[in-house]
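Heads up, the thing below is written out as structure tokens.
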Amino acid sequence: MLKFENITKIFKPEFFNQPFVALSDVSFEIPSGSMVGFLGANGAGKTTSLKIIMDFIRADKGLVTFSSELGEKRNDVFRNIGFLPERPYFYPNLTGREFLTFMGQISELSSDQIKAGIAKWASRFKIDHALERPLRTYSKGMLQRIGFLATILHEPKLIILDEPLSGLDPIGRKELKDVIVEVHREGKTVFFSSHIVPDIEEICDRVVFLKEGKLVYDGPVDKLLRSGQEIDYVIKFKTDKKINLQSTIKSHQTFPGQLHSITVTESNKKLILKELMALDVDLSGIDLIKPSLEEIFYHIKAN
Amino acid sequence: MMLDKILIISKYTFKELIKSRILYVTLIIGIALMVVTYVATEFTYGVPEKVALDFGLGMLSLSSVGISLFMGASLLFKEIDSRTVYMVISRPVPRWVFITGKITGLIFILLLNIGILTVMTLTCSYLLGGEINQAILMSILFNFLESVLLLLVVVFLSLFINNTLATIISLTVLLLGHAIKDTKNILFVQQRPYIQYVLDLYHFVLPNFYKLNLKDYVIYNQTLSLDFLLGSFAYGVCYSLFLFFMIIFLFNRKNLD
Ligand SMILES: Nc1ncnc2c1ncn2[C@@H]1O[C@H](COP(=O)(O)OP(=O)(O)OP(=O)(O)O)[C@@H](O)[C@H]1O
Ligand SMILES: [Mg+2]
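Residue numbers (our numbering), protein chains in the order written: chain E, 50 to 352; chain X, 8 to 264.
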């Protein structure tokens with residue numbers, strides 16, 4: 050769907066500042082039909098990359114190519130893309146409906162298509178009550194939602210979002226994530242940036258990970274998860290006896306109600322379970338701890 | 008197709024500006040015009056219709072200049088600052104279509120402002136017994152041309168520098184553009200060839216706004232030669248087109264960040 054090849058972007062110095070390398074030789078690919086998360090700390094270069102993809106700024110080196118399913122000419126390609134900038138703020142005096150109509154018209158939709166699109170999505174986003182109000186009266190979350198609505202109104206094949214979930218409350222995030230998943234299921238390719246690792250872990254199948262302008266990882270989410278450290282298990286049980294285990298355990302916590310929780314490595318799991326059985330404890334559960342992207346995130350950051 | 012999109016963008020630019028209530032200024036000026044006219048009929052002997060005309064045309068010119076300067080400077084700045092430009096040009100909208108639509112939308116605002124004040128001025132003047140002649144209409148047309156030219160100067164500058172600076176420099180260019188004709192005739196300057204040289208250069212490069220100012224001719228009933236009118240008109244149009252194409256050329260290459 051989209052190829053980002055060997056992109057280098059250097060911000061030229063203003064007067065006496067040093068030139069700043071915002072992206073250095075970054076390459077990644079967005080496969081058709083995938084949901085790709087774009088991860089990186091503040092200042093990693095996510096927004097800069099998206100601006101280069103959208104041709105708002107130009108790279109010093111490298112090439113962005115769109116696959117032919119989006120179209121051959123620039124106009125066709127852009128008709129099939131929906132882009133939502135970070136912290137969007139729209140024409141304050143237009144009403145929500147006027148803004149959406151405007152966005153629909155420049156995307157070459159007919160007025161019937163626009164009406165149908167608004168009718169379909171406005172209630173989903175809970176902004177139908179505010180459509181006749183000027184945008185300056187919208188809250189941050191409402192602006193984010195109407196921005197997202199404007200982004201998918203023309204049914205683009207490729208949806209690119211810069212921090213779509215920021216500024217939303219937990220319920221708002223959930224709702225927006227649900228809609229993102231829904232449009233993805235309809236066959237749209239989605240690429241969105243975020244620093245919120247669990248969000249990406251939850252809904253993306255791939256992730257592109259930038260750190261200080263360099264590519265750290267580009268591939269499936271679960272492979273990145275597996276590339277972490279050894280897998281651990283948590284064993285929970287109840288007992289009134291004193292516990293003294295032979296095998297090494299990673300940690301041991303006790304809770305009220307004589308509840309114990311121990312963390313063990315994969316290789317020790319069997320031995321410890323045997324010991325516990327011998328002690329005749331009341332076993333209440335074994336869980337696998339997947340290292341979350343969050344941990345990997347900080348792990349890679351530390352290296 | 009592209010023409011449609013230019014019209015859509017100009018329509019919503021117009022709507023957005025109308026709702027920002029800048030035309031309240033026009034209405035206030037209109038009311039002031041009526042008050043001045045009333046006062047003039049009470050207190051001036053002989054020529055109240057001239058007072059109405061003079062005041063009306065002056066205000067028309069001043070308000071157009073004001074709209075061009077301030078709205079023009081923020082036209083692009085606001086778009087980039089609020090990232091709405093990203094929403095628009097991420098659609099099948101080439102940059103030249105976007106900028107042409109924005110400028111056209113603002114030109115419609117200028118037209119509306121001029122239209123309202125023209126009707127009010129002419130009505131006041133007519134009711135007081137003044138005549139509506141071609142020179143007045145010509146002067147208003149040239150006024151419109153002046154404000155469009157100024158608008159393009161501001162937008163052009165705002166591609167390089169921030170909007171406050173763009174406003175100040177444009178205002179300076181406007182004032183100099185009006186003053187240059189008289190400056191060249193000052194004895195002090197005439198005696199000093201090097202100043203003349205600088206002025207000639209300026210005259211050649213920067214817009215000569217004085218060419219578009221016909222108010223004095225109207226007020227003092229001087230006659231205008233067709234050659235002069237055509238020459239000035241062509242000058243204004245050509246300069247505007249030149250700036251317009253420069254704006255498109257530069258905006259296409261501009262980094263929008
Ligand atoms: N116009 C510019 N001039 C100079 N430096 C810039 C410019 N734009 C961005 N940068 C720098 O490039 C780096 C990357 O910025 P970018 O906005 O892409 O980060 P980001 O990953 O989107 O961060 P965030 O999560 O905070 O949005 C930052 O260090 C930023 O200061
Ligand atoms: Mg960013």
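Quick reminder that beta carbons are idealized off the backbone N, C-alpha and C, glycines included.
Please read these numbers as outputs of a predicted model, since none were measured by experiment.
{"Check": "Less than 8 Å between the C-beta atoms of G89 (chain E) and N55 (chain E), yes or no?", "Outcome": "no"}
{"Check": "Buried or exposed: where does Y227 (chain X) fall if 16 or more other Cβ atoms within 10 Å of its Cβ makes it buried?", "Outcome": "exposed"}
{"Check": "Taking only three categories from DSSP, how would you classify D109 (chain E)?", "Outcome": "coil"}
{"Check": "Is A199 (chain E) close to chain X, meaning its C-beta is less than 8 Å from at least one C-beta of that chain?", "Outcome": "yes"}
{"Check": "Closer than 7 Å to a non-hydrogen atom of ligand 2 - does that hold for the CB of D227 (chain E)?", "Outcome": "no"}
{"Check": "Measuring straight from C-alpha to C-alpha, what distance separates Y224 (chain X) and D234 (chain X)?", "Outcome": "15 Å"}
{"Check": "How many whole angstroms separate the CB atoms of L133 (chain E) and S98 (chain E), which I take to be in contact at a CB cut-off of 8 Å?", "Outcome": "With 8 Å as the limit, L133 (chain E) and S98 (chain E) do not qualify as a contact, their Cβ atoms being about 15 Å apart."}
{"Check": "From G243 (chain X) to S160 (chain E), what does the alpha carbon distance come to, in whole angstroms?", "Outcome": "39 Å"}
{"Check": "Mind checking whether L213 (chain X) and V72 (chain X) have CB atoms under 8 Å apart?", "Outcome": "no"}
{"Check": "Leaving aside the five residues before and after P269 (chain E) along the sequence, list all residues of the same chain whose C-beta is less than 7 Å from its C-beta, in chain order.", "Outcome": "D254 and R255"}
{"Check": "For N66 (chain E) and F60 (chain E), what's the separation of their Cα atoms in angstroms?", "Outcome": "10 Å"}
{"Check": "For F84 (chain X), which of helix, strand or coil comes out of DSSP?", "Outcome": "helix"}
{"Check": "Taking DSSP as the reference, what is the three-state secondary structure of V230 (chain E)?", "Outcome": "helix"}
{"Check": "Within this structure, are the beta carbons of Y138 (chain E) and R90 (chain X) separated by less than 8 Å?", "Outcome": "yes"}
{"Check": "Within this structure, are the beta carbons of Y282 (chain E) and V313 (chain E) separated by less than 8 Å?", "Outcome": "yes"}
{"Check": "Tell me which residue opens and which closes the beta strand (DSSP E) that H309 (chain E) is part of.", "Outcome": "L308 to T314"}
{"Check": "According to DSSP, is V58 (chain X) part of a helix, a strand, or is it coil?", "Outcome": "helix"}
{"Check": "With 16 other CB atoms within 10 Å as the buried threshold, where does A39 (chain X) fall?", "Outcome": "exposed"}
{"Check": "Under 7 Å: does the beta carbon of D211 (chain E) sit that close to some heavy atom of ligand 2?", "Outcome": "yes"}
{"Check": "Of the residues E:S81, E:M50 and E:K175, which one's Cα is nearest the Cα of A115 (chain E)?", "Outcome": "Note that residue 115 (chain E) corresponds to Phe in the displayed sequence, not to Ala. F115 (chain E) has its Cα closest to that of E:M50, out of E:S81, E:M50 and E:K175."}
{"Check": "Residues in its own chain within less than 7 Å of P183 (chain E) by CB, not counting five upstream and five downstream?", "Outcome": "P141, N142, L143 and T144"}
{"Check": "Taking the Cβ atom as the reference point for each residue, do L280 (chain E) and E235 (chain E) lie within a distance shorter than 8 Å?", "Outcome": "Note that residue 280 (chain E) corresponds to Ile in the displayed sequence, not to Leu. Their beta carbons are not under 8 Å apart, which means I280 (chain E) does not touch E235 (chain E) by this criterion."}
{"Check": "Less than 8 Å separating the beta-carbons of L67 (chain X) and L124 (chain X)?", "Outcome": "yes"}
{"Check": "Below 8 Å, how does it come out for the region 183-196 of chain X and the region 101-108 of chain X: are there three or more Cβ pairs, yes or no?", "Outcome": "no"}
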